[in-house]
Amino acid sequence: MAAAYFDSGRTDSASFELFVRALPEERNFLVAAGLEPLLDAVEQWRFDEEDIAFLRSLGQFSDGFLGHLATLRFSGEMRAVPEGEIVFAGEPIVEITGPRIEAQLLETLALNVIGTHTTQASKAARVGIAAQGRAFVDFSARRDHGRDAAMSAARAAMIAGASATSLVAAGRALDVALSGTMAHAFVMSFDDERDAFRTFARAFPGDAVLLIDTWDTIEGAHHAVAVANELRSDGVSIDGVRLDSGDLAVLSRKVRAILDGGGLRDVRIFVSGDLDERAVAALIGEGAPIDGFGVGTRMGTSEDAPSLGVVYKLVADARGPKLKLSEGKATLPGRKQIWRNEDYDVLGLDAEHSEGRPLIEPVLASGRRLAAPVPITRLRDRCSDAIAALPSRLRSLDPADPSYDVRVSGELSALVDDLLAVHKVG
77 MAAAYFDSGR TDSASFELFV RALPEERNFL VAAGLEPLLD AVEQWRFDEE DIAFLRSLGQ
137 FSDGFLGHLA TLRFSGEMRA VPEGEIVFAG EPIVEITGPR IEAQLLETLA LNVIGTHTTQ
197 ASKAARVGIA AQGRAFVDFS ARRDHGRDAA MSAARAAMIA GASATSLVAA GRALDVALSG
257 TMAHAFVMSF DDERDAFRTF ARAFPGDAVL LIDTWDTIEG AHHAVAVANE LRSDGVSIDG
317 VRLDSGDLAV LSRKVRAILD GGGLRDVRIF VSGDLDERAV AALIGEGAPI DGFGVGTRMG
377 TSEDAPSLGV VYKLVADARG PKLKLSEGKA TLPGRKQIWR NEDYDVLGLD AEHSEGRPLI
437 EPVLASGRRL AAPVPITRLR DRCSDAIAAL PSRLRSLDPA DPSYDVRVSG ELSALVDDLL
497 AVHKVG
């Protein structure tokens, strides 16, 4: 498309918007995420010599077009919903405006980054809702779909309220808290479970979380008590124990009783093992004495809804607003704004005015970001506030009835009617 635009001289400005056509069945809302990584990528976006050489080897592109790509940098602007805000189907998450070739070429990049991060953050937000204020940690890296996905999953989880991640690379890159415990292999490396616990506790005095279910969970709990009391005189304490298998509700009660009986009332119980929001909600609903959750595969891969129907559509160019009428895939024309009210949103044209808080704001101009990257802690606070402000029915893990109301403004509706008349539809 870019080559055809170039050959025909179609280098005018165009506006594209990225949005989600419909929410997955298990989602009442989405958490907008991925904007900062997208801004980084757009600022660094370019075709280097190797890229140009490969494209030339395909034998499909003119030297003039390849020369154009060799000097190409994004020179346009971007508007977006801030990361951590809540969005709904049909609402623009990102709008990109610039020379048509530049804006068109960013399509796959924008869809990949925003779609992946928003998918992961929206899933993690459900885990946070289920946890009801108890800590949850991102344990997903080992089963995420590649290294980049592991990093984005950790970042998304932190935005959505996770207290830490087990992925050290993410902790370093994002300056966020890290959390880790021992593996079963560590315990199995010792003939006596107590020796494993002693060794680990001495290595991390005060911070050690002991995995107690390698052989027998109840015996492991007693061993943890014995080792903790033995090492107390040396100034070594344990922070918690972890359960990774079995009936976690039943075992957590038995382990709590053993810890309390051994004078370890301050030692926390942490659980992991194929958890998601519904498993977490069930454990809390049963009154299980669990202090924190390690949530991995099902959160990082958003197992129940592993992708979003994100699309990137032309909405305006130098000749005016654009309307797509494909059956089941129609789009609304024009550059837009979202105004948030207490229990509904208004989706309208950017130039109009409406009651409510506007969500879409400028983030990049002339190819450069307008502000420094926002710290994860601020994104997490924004997300927490946005979720808390939702109508209570939307904070359910079950589909909300009714769903959230997104209203199309009168001016936008009138524009649609005008364009339908131009296309002689209706």
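Numbering of the sequence shown is given in this note's numbering, commencing with residue 77 and proceeding in unit increments. Backbone N, C-alpha and C fix where the C-beta goes; we use that ideal spot for every residue, glycine too. Please read all numbers here as calculations on a predicted model, not as lab measurements.
| task | Report yes or no: do the segment 202-220 and the segment 145-161 share at least 3 C-beta pairs separated by less than 8 Å? | result | Because the criterion of three Cβ pairs below 8 Å is not met, the segment 202-220 and the segment 145-161 do not touch.
| message | Measuring only the C-alpha atoms, how far is Thr-293 from Val-301? | response | For the purposes of this step, residue 293 is taken as the residue at position 217 of the sequence shown. For the purposes of this step, residue 301 is taken as the residue at position 225 of the sequence shown. Roughly 12 Å between the two C-alpha positions.
| field | Candidates Met-77, Leu-182, Val-356, His-298, of which the one nearest Ala-333 by Cα | value | Your numbering for residue 333 matches position 257 in the sequence shown. Of the candidates Met-77, Leu-182, Val-356, His-298, the one whose C-alpha sits nearest the C-alpha of Ala-333 is His-298.
| field | Residue burial classification, Phe-57 (beta-carbon count within 10 angstroms, cutoff 16) | value | Residue 57 falls outside the range modelled here, since the chain spans only 77 to 502, and no answer is possible.
| task | Please confirm whether Gly-376 and Asp-220 have their CB atoms less than 7 Å apart. | result | Looking up residue 376 in the sequence shown gives position 300. Looking up residue 220 in the sequence shown gives position 144. Yes, they are a contact pair.
| message | Is the separation between the beta-carbon of Ser-91 and that of Val-391 shorter than 7 Å? | response | Here residue 91 is taken as the residue at index 15 of the sequence shown, counted from 1. Here residue 391 is taken as the residue at index 315 of the sequence shown, counted from 1. Yes, the Cβ-Cβ distance between Ser-91 and Val-391 is below 7 Å.
| request: Label Ser-239 either buried or exposed according to how many other C-beta atoms from any shown protein chain fall within 10 Å of its C-beta, with 16 as the threshold for buried. | output: Counted from its first residue, the sequence shown places residue 239 at position 163. Buried, by the Cβ-count rule.
| request: Return the Cβ separation of Phe-105 and Tyr-480 in integer angstroms, given the expectation that the two are a contact with Cβ distance under 8 Å. | output: For the purposes of this step, residue 105 is identified with residue 29 of the sequence shown, where counting begins at 1. For the purposes of this step, residue 480 is identified with residue 404 of the sequence shown, where counting begins at 1. Between Tyr-480 and Phe-105 the Cβ distance is about 7 Å, and since that is below 8 Å, they are a contact.
| request: Following the continuous beta strand (DSSP E) through Gln-413, name the residue where it begins and the one where it ends. | output: Looking up residue 413 in the sequence shown gives position 337. Its beta strand (DSSP E) spans residues 412-416.
| Under three-state DSSP, which class holds Ile-463? | The count along the sequence shown starts at 1 and reaches residue 463 at position 387. In the three-state DSSP reduction, Ile-463 falls in the helix class (H, G or I).
| query | By how many angstroms is the C-alpha of Ser-348 removed from the C-alpha of Ala-325? | reply | The residue you call residue 325 lines up with position 249 of the sequence shown. The residue you call residue 348 lines up with position 272 of the sequence shown. Going from the Cα of Ala-325 to the Cα of Ser-348 covers about 12 Å.
| Endpoints, the alpha helix (DSSP H) within which Lys-199 is located | Taking the first residue of the sequence shown as position 1, residue 199 is located at position 123. 183-207 is the span of the alpha helix (DSSP H), which, as asked, contains Lys-199.
| request: Identify the continuous alpha helix (DSSP H) that holds Thr-87 and give its terminal residues. | output: As a first step, residue 87 is located in the sequence shown; it is residue number 11 there, counting from the start. That residue, Thr-87, is in no alpha helix (DSSP H); it is neither H nor E in DSSP.
| query | Would you report the Cα separation of Lys-199 and His-429, rounded to the nearest angstrom? | reply | Locating residue 199 in the sequence shown gives position 123, counting from the first residue. Locating residue 429 in the sequence shown gives position 353, counting from the first residue. Going by the C-alpha atoms only, they are around 33 Å apart.
| Pairwise C-alpha distance: Gly-237 and Ala-355 | For the purposes of this step, residue 355 is identified with residue 279 of the sequence shown, where counting begins at 1. For the purposes of this step, residue 237 is identified with residue 161 of the sequence shown, where counting begins at 1. Their backbone Cα atoms lie some 17 Å apart in a straight line.
| Between Pro-113, Pro-475, Ser-84, Asp-493, which lies nearest to Glu-101 when the distance is taken from Cα to Cα? | On the sequence shown, residue 101 is found 25 positions in, with the first residue counted as 1. Measuring from the Cα of Glu-101, the nearest candidate turns out to be Pro-475.
| message | Measuring straight from C-alpha to C-alpha, what distance separates Pro-365 and Gln-208? | response | The residue you call residue 365 lines up with position 289 of the sequence shown. The residue you call residue 208 lines up with position 132 of the sequence shown. For Pro-365 and Gln-208, the distance between alpha carbons rounds to 13 Å.
| query | Among residues of its own chain, excluding the 5 on either side of Ala-406, which ones have a beta-carbon nearer than 7 Å to its beta-carbon? | reply | If you number the sequence shown from 1, residue 406 lands on position 330. Closer than 7 Å at Cβ, skipping near neighbours: Lys-400.
| task | Counting only the same chain and skipping the five closest in sequence on each side, list residues whose C-beta sits under 7 Å from that of Ala-284. | result | Looking up residue 284 in the sequence shown gives position 208. So the qualifying residues of the chain are Phe-276, Ala-277, Ile-314, Asp-315.
| field | Residues bridged to Thr-147 [DSSP beta-bridge criterion] | value | As a working mapping, residue 147 is identified with position 71 in the sequence shown. BP columns for Thr-147 are empty, so no partner.
| Would a C-beta distance cut-off of 7 Å place Leu-243 and Ala-217 closer than the cut-off? | Taking the sequence shown and counting its residues from 1, the one referred to as residue 243 is at position 167. Taking the sequence shown and counting its residues from 1, the one referred to as residue 217 is at position 141. Cβ atoms of Leu-243 and Ala-217: closer than 7 Å.
| message | Tell me the rounded alpha-carbon separation between Ala-108 and Ala-381. | response | Against the sequence shown, residue 108 aligns to sequence position 32. Against the sequence shown, residue 381 aligns to sequence position 305. C-alpha separation (whole angstroms): 16 Å.
| query | Along the chain, where does the alpha helix (DSSP H) that runs through Phe-215 open and close? | reply | By one-based count along the sequence shown, residue 215 stands at place 139. Looking at the DSSP string, Phe-215 is not in any alpha helix (DSSP H), and its letter there is neither H nor E.
| request: Assign Phe-95 to one of three DSSP states: helix, strand, or coil. | output: The residue labelled residue 95 in the question sits at position 19 within the sequence shown. It is a strand residue.
| task | Would you check if the segment 112-127 and the segment 480-498 touch, i.e. whether three or more CB-CB distances between them fall below 8 Å? | result | no
| task | Give the C-beta separation of Ala-225 and Leu-94 to the nearest angstrom, bearing in mind that I take them to be a contact with Cβ-Cβ under 8 Å. | result | Sequence index remark: in the sequence shown, residue 225 carries index 149 (1-based). Sequence index remark: in the sequence shown, residue 94 carries index 18 (1-based). Going by Cβ atoms, the distance from Ala-225 to Leu-94 rounds to 19 Å, so no, they are not a contact pair.
| query | Roughly how many angstroms lie between the CA atoms of Val-312 and Phe-273, to the nearest whole one? | reply | Counted from its first residue, the sequence shown places residue 312 at position 236. Counted from its first residue, the sequence shown places residue 273 at position 197. When rounded, the distance between both Cα atoms is 12 Å.
| task | Return the Cβ separation of Met-234 and Val-252 in integer angstroms, given the expectation that the two are a contact with Cβ distance under 8 Å. | result | Here residue 234 refers to the residue found at position 158 when the sequence shown is read from its first residue. Here residue 252 refers to the residue found at position 176 when the sequence shown is read from its first residue. Yes, Met-234 and Val-252 are in contact; Cβ-Cβ is about 5 Å, under 8 Å.
| query | To which residues of the same chain is Thr-290 closer than 6 Å at the C-beta, ignoring the five residues directly before and after it? | reply | Numbered from 1 along the sequence shown, position 214 holds the residue referred to as residue 290. Only His-260, Val-263 meet the Cβ criterion.
| task | Kindly indicate which three-state DSSP category Ile-177 falls into: helix, strand or coil? | result | Numbered from 1 along the sequence shown, position 101 holds the residue referred to as residue 177. Correct three-state label for Ile-177: helix.
| field | Simplified DSSP state of Ala-259, which is helix, strand or coil | value | Taking the sequence shown and counting its residues from 1, the one referred to as residue 259 is at position 183. In this structure, Ala-259 counts as coil in the three-state DSSP scheme.
| With a Cβ-Cβ cutoff of 7 Å, do Gly-443 and Phe-150 count as a contact? | As a working mapping, residue 443 is identified with position 367 in the sequence shown. As a working mapping, residue 150 is identified with position 74 in the sequence shown. In this structure, the beta-carbon distance from Gly-443 to Phe-150 falls below 7 Å.
| Along the chain, where does the alpha helix (DSSP H) that runs through Val-492 open and close? | Here residue 492 refers to the residue found at position 416 when the sequence shown is read from its first residue. Counting along the chain, the alpha helix (DSSP H) containing Val-492 begins and ends at 486-498.
| If you follow the beta strand (DSSP E) that Val-422 is part of, which residue opens it and which one closes it? | To locate residue 422, count along the sequence shown from 1; it is residue 346. In the DSSP assignment, Val-422 falls within the unbroken beta strand (DSSP E) covering 420-425.
| request: Tell me whether the beta-carbon of Arg-344 lies closer than 7 Å to the beta-carbon of Asp-367. | output: Stepping through the sequence shown from its first residue, residue 344 is reached at position 268. Stepping through the sequence shown from its first residue, residue 367 is reached at position 291. Taking 7 Å as the Cβ cut-off, Arg-344 and Asp-367 qualify as a contacting pair.
| query | Excluding five sequence neighbours on each side, which residues of the same chain lie with their C-beta closer than 7 Å to the C-beta of Leu-435? | reply | As a working mapping, residue 435 is identified with position 359 in the sequence shown. Cβ within range, chain order: Val-157, Glu-161, Ile-414, Arg-416.
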